[in-house]
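Residue numbers (the working numbering): 65 to 321. For glycine and all other residues, C-beta sits at the position ideal for the given N, C-alpha and C. Before any comments, here is the structure.
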Ligand code: BGC
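Written out as structure tokens, the structure is:
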């Protein structure tokens, strides 16, 4: 790809869409973050209009990396649990390229957050063994790394727990909606993480999403053999990791064009 220094990183979430130019070498934002609400309904055309506004905001002409809350392979969206169903089987790379006039790479949002943490955050010294990054927000996202290399599009937030989609029981949005105590919610998160640990024995679990800032409240209710740490980059990880889709070393780990 040759020496790209800055990429516009965009993180599409269930409630907000956030962007910032990111320096690929340092993993830092090169300008202040810009946030707009996710349109409701979150139809592709309306989200593309928001992406175009963000590109205009930074007068951006370079590459764009975008995190999307669903399975994305070769730029095509295959699932969208918390967004409009019009996304299914749509070429998101092509849609955003048309809306912005820039080259765009769209990848899964949890994979993006994991790439940021593995390269610049809580996972940077853990490039040996198995690491699970798990994000709690509107949905539950996962990214799995073996010796620092990503296995893209794992969707362990949707395993079945107590006969239900785990995401429906343990996401951060459920804690707010049902007014769960930290102990109640932490117990649900523990249940999910213990199950995942029984499946593939991670050495390290990095817990991310906005709720990770309150980790002291619920980590006491989580009992794993793996080491458990909060994400270091909080809500910047999604933006920074999306930009990393254009990094020379990282693009080889992704399912791009
Ligand atoms: C989606 C994942 C996504 C996660 C976090 C889940 O509902 O299936 O692809 O990573 O939400 O946004």
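Residue 290 sits close to residue 269, with the two beta carbons spaced by under 8 Å.
By the beta-carbon neighbour count (other beta carbons within 10 angstroms, threshold 16), residue 317 is buried. In this structure, the C-beta of residue 145 approaches the ligand BGC to less than 7 Å from one of its heavy atoms.
Runs of the beta strand (DSSP E) lying entirely within the segment 143 to 220, each at least 3 residues long, are 168 to 172, 194 to 200, 204 to 210 and 213 to 215 in chain order. With a cut-off of 8 Å on Cβ pairs, the segment 94 to 109 is not in contact with the segment 304 to 321, counting fewer than three such pairs.
It is roughly 23 Å from the alpha-carbon of residue 198 to the alpha-carbon of residue 151.
Your pair residue 129 and residue 143 does not check out as a contact, with CB atoms roughly 20 Å apart and the cut at 8 Å. One Cα belongs to residue 212, the other to residue 184, and the distance between them is close to 12 Å. Rounded to whole angstroms, the separation of the alpha carbons of residue 89 and residue 153 is 33 Å. For residue 237, same chain residues with a beta-carbon under 6 Å away, outside a window of 5 residues either side, are 202 in chain order. Here the alpha carbons of residue 68 and residue 168 stand approximately 14 Å from one another.
Of 140, 242, 148 and 87, the smallest CA-CA separation from residue 127 is found for 87.
In the pairwise beta carbon analysis, the segment 205 to 225 is classified as touching the segment 161 to 177: at least three pairs are separated by under 8 Å. In this structure, the CA atom of residue 205 is about 17 Å from the CA atom of residue 249.
The C-alpha of residue 310 lies about 17 Å from the C-alpha of residue 300. Residue 261 sits in a helix when the DSSP states are folded into three classes. Residue 86 is bridged by DSSP to 71 and 93. Residue 254 and residue 125 have their C-alpha atoms some 44 Å from each other. If only complete runs of 3 or more residues are kept, the segment 97 to 137 shows the beta strand (DSSP E) at 98 to 101 and 128 to 132, in order along the chain. Bounds of the alpha helix (DSSP H) holding residue 280 are 279 to 282.
The distance from the Cβ of residue 196 to that of residue 266 is about 4 Å, consistent with a contact at the 8 Å cut-off. No residue range can be given for residue 286, since it is assigned to no alpha helix (DSSP H) and is classified by DSSP as neither H nor E. Burial state of residue 242 is exposed, judged by a 10 Å Cβ sphere holding fewer than 16 other Cβ atoms.
If you draw a straight line from the Cα of residue 193 to the Cα of residue 264, it comes to about 11 Å. Around the Cβ of residue 157, a 10 Å sphere holds 16 or more other Cβ atoms; the residue is buried.
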